[in-house]
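If you're matching them up, the sequences are chains A and B in order. Counting in our numbering, the first sequence runs from 159 upward without gaps. Counting in our numbering, the second sequence runs from 619 upward without gaps.
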Amino acid sequence: MLRTHRLTPFLYLAPALALLLFVFAYPLFAIFDFSLRRIRGATGPFIGPENYRQIFKDDVFREAVSHNAQLLLAVPILVAISLLLAVLLYERARGWQIYRNILFVPYILAVPVVGVVLSNMLQRNGVTNALLRAAGLDFLALDWIGSARRALWTVMGVIIWREMGFGIVLFLARLLSLNEEIQDAAKIDGAGWWQRLLYVTLPQMRGIVEFYTVVSIITMLAWVFSYVYVMTRGGPGNATQIMELYIYNFAFRNSLPGIASAVAVILFVITLALIVPLFRFRARTEMEDLG
Amino acid sequence: MTTAVPVPPRKPPRRLNWTAVAKHGVLLFATVLVLLPGYFMIITAFKTQAGYSLNKFDFPHPFFTGNFVTAMRGGRFFLWFGNSIILAVGAVLLSTLVSALAAYAFARMNFAGRNLMLAINTALMVIPPVVMLIPLFLLLTRIDLVSTYPGATLVYAGLLTPFSIYLLTNFFRTVPHEIVESALMDGASTLQILALILLPLSGPALVTLIVVNTLWVWNDLLIALVLLPQDNMRTLMVGITVFGSRYNNDVPVAMAGMLLASLPMILLYLFGQRYFIRGLVAGALKG
Numbered sequence: 159m160l161r162t163h164r165l166t167p168f169l170y171l172a173p174a175l176a177l178l179l180f181v182f183a184y185p186l187f188a189i190f191d192f193s194l195r196r197i198r199g200a201t202g203p204f205i206g207p208e209n210y211r212q213i214f215k216d217d218v219f220r221e222a223v224s225h226n227a228q229l230l231l232a233v234p235i236l237v238a239i240s241l242l243l244a245v246l247l248y249e250r251a252r253g254w255q256i257y258r259n260i261l262f263v264p265y266i267l268a269v270p271v272v273g274v275v276l277s278n279m280l281q282r283n284g285v286t287n288a289l290l291r292a293a294g295l296d297f298l299a300l301d302w303i304g305s306a307r308r309a310l311w312t313v314m315g316v317i318i319w320r321e322m323g324f325g326i327v328l329f330l331a332r333l334l335s336l337n338e339e340i341q342d343a344a345k346i347d348g349a350g351w352w353q354r355l356l357y358v359t360l361p362q363m364r365g366i367v368e369f370y371t372v373v374s375i376i377t378m379l380a381w382v383f384s385y386v387y388v389m390t391r392g393g394p395g396n397a398t399q400i401m402e403l404y405i406y407n408f409a410f411r412n413s414l415p416g417i418a419s420a421v422a423v424i425l426f427v428i429t430l431a432l433i434v435p436l437f438r439f440r441a442r443t444e445m446e447d448l449g
Numbered sequence: 619m620t621t622a623v624p625v626p627p628r629k630p631p632r633r634l635n636w637t638a639v640a641k642h643g644v645l646l647f648a649t650v651l652v653l654l655p656g657y658f659m660i661i662t663a664f665k666t667q668a669g670y671s672l673n674k675f676d677f678p679h680p681f682f683t684g685n686f687v688t689a690m691r692g693g694r695f696f697l698w699f700g701n702s703i704i705l706a707v708g709a710v711l712l713s714t715l716v717s718a719l720a721a722y723a724f725a726r727m728n729f730a731g732r733n734l735m736l737a738i739n740t741a742l743m744v745i746p747p748v749v750m751l752i753p754l755f756l757l758l759t760r761i762d763l764v765s766t767y768p769g770a771t772l773v774y775a776g777l778l779t780p781f782s783i784y785l786l787t788n789f790f791r792t793v794p795h796e797i798v799e800s801a802l803m804d805g806a807s808t809l810q811i812l813a814l815i816l817l818p819l820s821g822p823a824l825v826t827l828i829v830v831n832t833l834w835v836w837n838d839l840l841i842a843l844v845l846l847p848q849d850n851m852r853t854l855m856v857g858i859t860v861f862g863s864r865y866n867n868d869v870p871v872a873m874a875g876m877l878l879a880s881l882p883m884i885l886l887y888l889f890g891q892r893y894f895i896r897g898l899v900a901g902a903l904k905g
């Protein structure tokens, strides 16, 4: 540690602190205040919990919440697919680095690009259905985006398609840091592929899997706006309405920032609740000594 | 098929072959699934409308480049590119600068409340921007910074800063104490230690930081949509979202636009895969 004047550290912290106060601290206080007011322009009269009462009465909000909840089903799928592919890559299948670099590509692509390309492919007369028909699977050539029953599942599939690259690379980094001697010892003892996976590899992955699970939960609840906005704008009807879009619509389309702030508060509280397990799992991962 | 890991001799070779085939099968299937949209985007971008409706998955013949002309007509694409570049460069530079100063204090100085502040900083990394957006928009409206570069740059820089502080603090801590000590003996000032010792040694961490942060600003849609509503301030992401719905019925032009928009990141990724992969993993865990 450097020996400095008592105030020197704060001098170095000041610019970052100013920026963080502006972008995080002020807004995080303000949403609580806004959520209790009827905002017109910059502020408005205090109305107590009226905004909260409004949103809980609103069917569209309830649909949004249930859709976010449905998107949580993508979490176990993401974990399973990423784990499987990471383990396969870890076994150094020939060309594993090329596979890894390709499988990571969707995560580099911007969501609007992914959204526009995949919505075009998944249109009723798009290339996906053309392929299915060519393969004689006409009964599978469905209206993937235009149908209220299927649209959210389609969006979920696109989210999984793009986000899995991150899971694969994260798990692979962990696997590559494992002690190979344990693997070799298990092999010499005659453990088969499944036995090694279940009893040797996976137990050592616990921390990182838990960490990725919580990160994915946060993603599904609060970071999927761009997918929905680009692919469906919440439609057809409200079939793909989600909390983020609800905030966006109420704050910036319907000019009701008070209502939107109440939802923002709820989202903030959910995220805060998830930060605790996230920190615990991250600490455990660090103890597992990721290289 | 062989694996690089030596195979224990008691395993029957036949069984190994089958599992190897199955494993490669799964990997190949996933790879095809990942590459298919890219393939579709590229072949469609070079087709005429008529060619596209005739056959959706063959190679383009005739090879048609007119879609790119249509997509770039009026120079909108270049405007969007320019806006995205200005914002990304500005926000990443500003955030790196203030974060380097703060990380230096966190990593190398003692002060009251240091650990608490670091913990809060780490927590901020997870807060979704949509939560802060309403007050930020109202505040920027009041001080006339909506649809301006400074307004959006400040917000982006602020959003990048928790991660930047986190990564740089972890990195500065790994610089050996002896190097700093000997610089002090030579009469270096506190600021000189940061500028002449720590930062030059942080090359890899800085590259990681710049890659991750640039990608973040470049790919953001929500903040740009809200804070830069004016037409000529659109970023590439907002631009192509509008573009995609406008050419919803002209798929080849839409694909040409998407190809143009993703070209910079794909090229960067081809040349610096290591930095992208390492950077984004480090971003999730530690520096």
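Glycine included, C-beta positions come from ideal geometry on N, C-alpha and C.
Three-state secondary structure assigned by DSSP to residue i
| i | result |
| --- | --- |
| Thr429(A) | helix |
| Arg195(A) | strand |
| Ala638(B) | helix |
| Glu249(A) | coil |
| Ile517(A) | This structure does not reach residue 517(A), given that chain A is present from 159 up to 449, and the question cannot be answered. |
| Ser419(A) | helix |
| Pro631(B) | Bear in mind that a pLDDT of 49 at Pro631(B), under 50, signals an unreliable position, so the number given afterwards is only what the model happens to contain. Note: Pro631(B) maps to helix in three-state DSSP. |
| Ala397(A) | coil |
| Gln362(A) | helix |
| Asn673(B) | coil |
| Arg308(A) | coil |
| Gly769(B) | helix |
| Gln848(B) | coil |
| Gly294(A) | coil |
| Ala648(B) | helix |
| Thr666(B) | coil |
| Leu267(A) | coil |
Beta-bridge partners of residue i, as assigned by DSSP
| i | result |
| --- | --- |
| Met314(A) | Answer by DSSP bridge pairing: none, since Met314(A) is not bridged. |
| Phe204(A) | Arg195(A) |
| Leu160(A) | Met727(B) |
Residues of its chain near residue i, where Cβ-Cβ distance is below 8 Å and the 5 sequence neighbours each way are ignored
| i | result |
| --- | --- |
| Lys345(A) | Arg354 |
| Asn337(A) | none |
| Leu179(A) | none |
| Asn866(B) | Ala872 |
| Ile661(B) | Phe675, Asp676, Phe677, Pro678 |
| Gly325(A) | Leu236, Val237, Ile239, Ser240, Leu241, Ala244, Tyr370, Ser374 |
| Arg864(B) | none |
Neighbouring residues, chain D, relative to residue i (Cβ below 7 Å)
| i | result |
| --- | --- |
| Trp351(A) | As a matter of chain content, chain D is missing from the structure shown, whose protein chains are A and B. |
7 Å Cβ shell around residue i - same chain, five flanking residues per side excluded
| i | result |
| --- | --- |
| Arg195(A) | Thr201, Gly202, Pro203, Phe204, Ile205, Gly416 |
| Asn396(A) | Val218, Glu221 |
| Ile235(A) | Ile318 |
| Gln228(A) | Leu310 |
| Ile704(B) | Tyr767 |
| Lys665(B) | Pro678, Phe682, Pro870 |
| Arg282(A) | Asp301, Gly304 |
| Thr771(B) | Leu705, Gly708, Ala709, Leu712 |
| Arg791(B) | Ala725 |
| Val372(A) | Leu432, Pro435, Leu436, Phe439 |
| Val388(A) | Val269, Pro270, Gly273, Val274 |
Range of the contiguous alpha helix (DSSP H) that encloses residue i
| i | result |
| --- | --- |
| Ile815(B) | Looking at the DSSP string, Ile815(B) is not in any alpha helix (DSSP H), and its letter there is neither H nor E. |
| Phe410(A) | Run containing Phe410(A): none; DSSP gives neither H nor E here. |
| Thr859(B) | 854-864 |
| Asn283(A) | It is not in any alpha helix (DSSP H) - Asn283(A) carries neither H nor E in the DSSP assignment. |
| Ser224(A) | 217-229 |
| Gly875(B) | 869-889 |
| His795(B) | 795-803 |
| Met389(A) | 383-389 |
| Arg258(A) | 254-261 |
| Tyr170(A) | 166-178 |
| Leu840(B) | 840-845 |
Residue i: CB within 7 Å of a non-hydrogen atom of the ligand COA
| i | result |
| --- | --- |
| Ser240(A) | Annotation note on the ligand COA: not contained in the displayed structure, which lists no ligands. |
Chain-order list of residues whose beta-carbon lies under 6 Å from that of residue i (same chain, five-residue window excluded)
| i | result |
| --- | --- |
| Lys904(B) | At Lys904(B), the pLDDT of 43 sits below 50, so the modelled position is not reliable and the matter cannot be decided from this model. |
| Phe134(A) | Because chain A is modelled from 159 through 449, residue 134(A) falls outside the range shown and cannot be assessed. |
| Arg852(B) | Trp698 |
Runs of alpha helix (DSSP H) lying entirely within the segment 688-766 of chain B, each at least 4 residues, in chain order: Every alpha helix (DSSP H) of 4 residues or more that sits fully in the segment 688-766 of chain B is shown, in chain order, as 694-726, 732-742, 747-760.
Uninterrupted alpha helix (DSSP H) stretches inside the segment 322-352 of chain A (no shorter than 4 residues): Segments of the alpha helix (DSSP H) lying fully in the segment 322-352 of chain A: 338-346.
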